[in-house]
Amino acid sequence: MSQAYLSIQGVDKSFGSFNALKEINIDIQKNEFICLLGPSGCGKTTLLRIIAGLEKPSHGRIIVGGKDITSLPPAKRNFGMVFQSYALFPNLTAYQNVAYGLQGKKFSRKEIDEKVKEVLSLVDLMHLHDRYPAQLSGGQQQRIALARAIVLSPDFLLLDEPLSALDAKVRVKLREQICELQEKLGITTVMVTHDQEEALTMADRIVVMKNAEVVQIGTPEQVYDEPNSPFVADFIGSINFLEDEEYGGSIIQRNMAVRPEHIRISGPGSATGISAIVKHVEFRGAFYRLLLQTVLTGQHLTVDVSSQITHHLKLTKYAEVSVEFPQDKMINFPSETMVVGA
Amino acid sequence: MEKSPVTMRPPIRRRWREFISMQNMLIVVLVLTLTTSTLIPLITLFSKAFINKEEQFIGLANFIKYFSTPSLAQSLSNTIWISVLSTLIAVSLAFVYAYGISRTGIRGKSYFHYMALLPLFEPTMMHGIALTYLFGNQGIVTNGFFGLLPEFHIQIYGPIGIVISEVLYLFPQAFLIFITALTITDQRLYDAAETLGAGKIKTFFTVTLPSVKYGLISAIFVCFTASFTDFGAPQAIGGNFNVLATDIYKQVIGQQNMSMGATVGILLTIPAIIAFAVDRFVDRKQRSMLSSKSTPYKIPDGRLRDGFYHVFCWVISIAILIPLITTLFASLIKVWPYNLHFSLKHFDFSNVAGSGLEPFYNSLKVSFITAIVGTIVTFVFAYLIEKSRTMKGLRQVGYFLSILPLALPGMVIGLAYIFFFNNPNNPLNWIYGTMIIIVLANITHFYAVPFMTATTALKKLDKEFELVSESMRVPFYKTFLKVTVPMSLPAIVEIAMYFFVNSMVTVSAVVFLRSADFNLAAVSLVNMEDAGDVAAAAAMSTLIVVTNIIVRVIYELILNKVKKRTAAWQTSSQ
């Protein structure tokens, strides 16, 4: 593996007796898009603020491009940052907001104008350059904030829950735009989010955090398909944790889990399946989510079934079904971690 | 958890260069300034109460002497009952008045609102002067409106006059608290009370009163403290009726008994400190009462109710107006009440106590400089305390020192400044007797309220502005000037006006600090009254009030302009 570009080495942070971060080690490659994902209070925002230099770690180092920047103030770190609130200056126009960081540096007026116009077109907002933030929609404000963060050609980009204040539709659209922009500029990016869908769709790699620690680092596929702990499995997507029991032909062990969409459903009386009763049917648009209870052990299972199958098998409340667990889709945890999430 | 190898977790080296940033230096300067301007003078003053003229420690001897001198102990009880009575009357009237404006459908609300604030523009001495013209020996009411009505005699010189003056002085302060408390309410609570079948009276006691509870407590303490420490009213119309504030004046100016002055100063500060503590407590409670989901109050119909409040507000607003009209009238006629011809001769101050119009010009100058310097200092200090990330401990000290003046009566500040700055060993001794010390005393005296106004305005700004600038490598002062200041302009203009108006009318702190050749308008009222030049005092009061009203009008014009210019910056959702 090549030398990491942005490296977080053994970072600890405590506020008094409270540990906000414990022994964090993350290596980030150049041009990589990393998501710090976790429930609120897991320390992800503190970690971002440490990378930005807004907080000092109690121990550990932050290395960027081979240079130790741990004790540098934010102004000397050369990064761009987008905040949850955008923090656009309300009394400056979109153009002035983007130009703000360029003024007073060694750029000529013409250079500033060129740079501002370039990034404004990059985020598709050149036509709104003379509007004040209050006259822009949330999504537009977000893009101006992004433009302002990248106009100084920073070494890396930090995004603090950049989409959480937006409507669902706008959020999906901006997700694509940010990814596109990040790819185009090839800028190393660290984004904090508590939204697992956001992390799955945007990140090259996801850092899942919990209680001040890193639980798992991996590509979206890795953390979804091979979660290393019940916590990760549960936090990202839906999951069924299975009891230690023998179900017909499939041997199920304790410490195993399966995603709702991987459970196979067939009509009652299948030779290999386990009998279960439909307890609840939830229409989800593209599919149905069923809550089943197995006849033998009373285990509850959540299963996602396509509309087609649901109608074909006439799956309504109290219907009887057979359930099968495909072995290759089963998720297995090391036994000692099973207690978590119980 | 096992200890990792040292190489993995090297200790963080904090660099000196980072510590010696401009912002940190400014915070140090801030704390030093506030310590010099407030804390040390105060300690100097209080320590004086425990030593005698020969600089020997005498413990509580001064206090024992105070309480065993019948005339002095009498002032304490005088002060207390006068303050209790004034507070009761002012708070009750202000509450009903504010209720009428905020919770009923009467017309002319903005007129009533401005009328309630009028006494803020008047020196408290003026109320006394007006009362003399109305109820004094030659008063227009006393002689029954030039014989048209039966004569009406009351003993206006003494407690009655003081209480009337105090009520006028306290009314706007209580009103401002109530109008805020009554406006911050949640219609949903009233809807809930109605659906639960609560009657009007029950709703008032279970919803309205609890929601203004803290405002009420705060108003009572503010009013009690203000009248407890007021100097103008008892000086103007108290006659031989002594209170603590006039005692200090007599002890210090009359008898040069500094340590007894300091002793009375401590007594004067005690209720203010209690009020200060209560106010801090209440402020914290009240902030948590309103949620963002609250809906504004809808005024229900009620003709009888509106009728009552309409009459009440008119009566009060006229009562507020009478002293000013009386003073204006008295200043513009030849000889009250014998020759009622128009004349401007009282505005020629050349042959009265004082020295012509100079005190007035001095006051203008002092108020102007106080407004400019005070506003800059207040806003910069509030910014450093609110928006810096470093030096948390020092910033907390700074915050405490910034709100401390709330607990300090003006007389105590004035006295403390004498002790501190009149000491020849003090390197700042040279400012004693100059205009600088008066401006400094004014800023210190009025600093706390503007400081809180500035802090509130700054809290409304996104706290990430500074971080964004820092990440863009823009120095903090640039963002301060280009974003923070323009965004806070309404608050800044308000602060400047507050400093100006208060500097024009104040007597308490500066009465000790002005020198023989540098008098101030409001203080000259005291001299003119003492010398019997009441008409001249009325004329000077008129000048002060007119100036303040003009400044207020200018303030409204500027504010309007600022608001129009900044309209595009405001979030449309609000």
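Residue numbers (my numbering), protein chains in the order written: chain A, 1 to 342; chain B, 1001 to 1574. C-beta atoms are modelled at their ideal positions from N, C-alpha and C, and glycine is treated no differently. Note that the coordinates shown come from a computational prediction; the quantities given were computed from them, not determined experimentally.
Going along chain B in order, which residues have a C-beta closer than 9 Å to the C-beta of residue i?
i	result
residue 85 of chain A	1462, 1463, 1464
residue 101 of chain A	1468, 1469, 1471, 1472, 1473, 1474
Quick one: is residue i buried, meaning 16 or more other Cβ sit within 10 Å of its Cβ, or exposed?
i	result
residue 1183 of chain B	exposed
residue 328 of chain A	exposed
residue 1172 of chain B	buried
residue 1126 of chain B	buried
residue 1144 of chain B	exposed
residue 249 of chain A	Unreliable placement is indicated for residue 249 of chain A, whose pLDDT of 49 sits below 50; no coordinate value is reported for it.
residue 143 of chain A	buried
residue 17 of chain A	exposed
residue 1296 of chain B	exposed
residue 1059 of chain B	exposed
residue 1056 of chain B	exposed
residue 1488 of chain B	buried
residue 1496 of chain B	buried
residue 1025 of chain B	exposed
residue 1362 of chain B	buried
residue 38 of chain A	buried
residue 1336 of chain B	buried
residue 1073 of chain B	exposed
residue 1349 of chain B	buried
residue 1327 of chain B	buried
residue 191 of chain A	buried
Tell me which residue opens and which closes the beta strand (DSSP E) that residue i is part of.
i	result
residue 1361 of chain B	Unbroken run through residue 1361 of chain B is the alpha helix (DSSP H), 1358-1387; no beta strand (DSSP E).
residue 293 of chain A	287-294
residue 209 of chain A	205-210
residue 135 of chain A	Element bounds for residue 135 of chain A: n/a, residue is neither H nor E.
residue 1312 of chain B	Looking at the DSSP string, residue 1312 of chain B is not in any beta strand (DSSP E); the run it does join, the alpha helix (DSSP H), is 1303-1332.
residue 1340 of chain B	1339-1342
residue 81 of chain A	79-82
residue 1215 of chain B	From DSSP, residue 1215 of chain B is part of no beta strand (DSSP E) but of the alpha helix (DSSP H) over 1209-1229.
residue 283 of chain A	274-283
residue 25 of chain A	18-28
residue 160 of chain A	156-160
residue 99 of chain A	Here residue 99 of chain A belongs to no beta strand (DSSP E); instead the alpha helix (DSSP H) covers 94-99.
residue 33 of chain A	33-37
Who are the neighbours of residue i on chain A, taking C-beta pairs under 7 Å?
i	result
residue 1487 of chain B	90, 91
residue 1470 of chain B	74, 75
How would you list, in chain order, the residues of chain A whose beta-carbon sits under 8 Å from the beta-carbon of residue i?
i	result
residue 1467 of chain B	52, 54, 74, 81, 83, 87
residue 1478 of chain B	104
Ends of the alpha helix (DSSP H) at residue i?
i	result
residue 1520 of chain B	Neither: residue 1520 of chain B is in no alpha helix (DSSP H) and is coded neither H nor E.
residue 1191 of chain B	1187-1195
residue 1127 of chain B	1124-1135
residue 1039 of chain B	Neither: residue 1039 of chain B is in no alpha helix (DSSP H) and is coded neither H nor E.
residue 45 of chain A	44-52
residue 122 of chain A	109-122
residue 1065 of chain B	1061-1068
Check the Cβ of residue i against every Cβ in chain B and list those closer than 7 Å, keeping chain order.
i	result
residue 152 of chain A	1472
residue 132 of chain A	1568, 1569
Interface residues of chain A around residue i at Cβ under 9 Å?
i	result
residue 1483 of chain B	89, 90, 91, 92, 100
Fill in: Three-pair Cβ contact test at 8 Å for the stretch 1154-1171 of chain B versus the stretch 1227-1239 of chain B
With three or more CB-CB distances shorter than 8 Å, the stretch 1154-1171 of chain B counts as touching the stretch 1227-1239 of chain B.
Item to complete: Determine, using beta-carbon pairs with one atom in the stretch 1561-1571 of chain B and one in the stretch 126-146 of chain A, whether at least three such pairs fall under 8 Å.
Response: yes
Practice prompt. Would you mind listing the alpha helix (DSSP H) stretches within the stretch 170-246 of chain A that are 4+ residues and don't spill past its ends, in chain order?
Written response: 196-202, 220-225, 230-235
Item to complete: Please list the segments of the alpha helix (DSSP H) lying wholly inside the stretch 1389-1466 of chain B, counting only runs of 4 or more residues, in order along the chain.
Response: 1392-1403, 1410-1421, 1435-1446, 1448-1460
Worksheet item: Do the stretch 1467-1474 of chain B and the stretch 73-81 of chain A make contact, defined as three or more Cβ pairs closer than 8 Å?
Response: yes
Worksheet item: Taking three-plus beta-carbon pairs below 8 Å as touching, is the stretch 199-207 of chain A in contact with the stretch 29-43 of chain A?
Response: yes
Worksheet item: Should the stretch 1117-1134 of chain B be regarded as contacting the stretch 1526-1538 of chain B, the criterion being three or more beta carbon pairs within less than 8 Å?
Response: yes
Item to complete: Answer yes if the stretch 1211-1231 of chain B comes into contact with the stretch 1102-1120 of chain B, meaning at least three C-beta pairs across the two stretches below 8 Å, and no otherwise.
Response: no
Worksheet item: What alpha helix (DSSP H) runs, 4 residues minimum, are completely inside the stretch 1482-1522 of chain B?
Response: 1489-1505
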